[in-house]
Structures are given as structure tokens and as C-alpha cells.
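For the sequence shown, the residue numbers in our numbering are 4 to 98. Heads up, the beta-carbon is just placed ideally off N, CA and C, and yes, glycines get one too.
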Amino acid sequence: MLSCWFLEEMEKRKLFPTIYNSTTEAKNAVAKRIVYGAVRFPQNFSDALAIRVTEGRVEDDIIDESTISAWIDMSDHQITNFVKLQLHKAYEAFA
Numbered sequence: 004m005l006s007c008w009f010l011e012e013m014e015k016r017k018l019f020p021t022i023y024n025s026t027t028e029a030k031n032a033v034a035k036r037i038v039y040g041a042v043r044f045p046q047n048f049s050d051a052l053a054i055r056v057t058e059g060r061v062e063d064d065i066i067d068e069s070t071i072s073a074w075i076d077m078s079d080h081q082i083t084n085f086v087k088l089q090l091h092k093a094y095e096a097f098a
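Written out as C-alpha cells, the structure is:
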């Protein structure tokens, strides 16, 4: 699964995932400063991304299903910049 590959790239950059049962639960953890950020992969992420890459022009639902969402705690400027930079590097390695 492509989402697992992305998570591995995150771990290489010292971003260690905590699995939550829902997006709401993960976003609440960010809001409560339990974690520095949250990412969400749609259920059909791998298949949708494969379609998007091979076909180029696709319907909006395929774009939505192949998009990674991220929420970051913005209260600490240094940590925010670190997380954003490492997420970007993980994405570059993934792509």
C-alpha cells in the first residue's frame, strides 16, 4: 500500500505516526497538543493515486481520494517548520 510507503518515509525523517480510529480523534489530538500533527489517507488512496498517475486527467473524486490531508500544531514555530519540512521531504522521496 502506498500509504504505508509514505509512513515509512515519514519515520526516516523522525516523524513517528500514532494511529487513531478517526480523523476527528487525530485532529483533536493535534488541537490538544498531544501530537504535533496528523495526516489522513483516504480509504482508496493507493488505487486512486495509481489511476491519477497513469491517466493524468481524472475526475474530481479520484483527485480527492488520492490527496493526503495534513493538520499541524502551529503553536510552536520551530516545531511547525520542522514538521512541515520533514513532511515535504517525505513526500518528495515518496513521489
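Between T70 and the set S78, D79, M77 and V56, the nearest pair of CA atoms involves V56. Its Cα nearest to that of T26, the residue P45 stands out among E11, R60, A98 and P45. Scanning the segment 4–43 for uninterrupted beta strand (DSSP E) segments of 3 residues or longer gives 40–43, listed from N- to C-terminal end. One Cα belongs to F85, the other to T21, and the distance between them is close to 18 Å. In this chain, A98 is not harboured by any beta strand (DSSP E), its DSSP state being neither H nor E.
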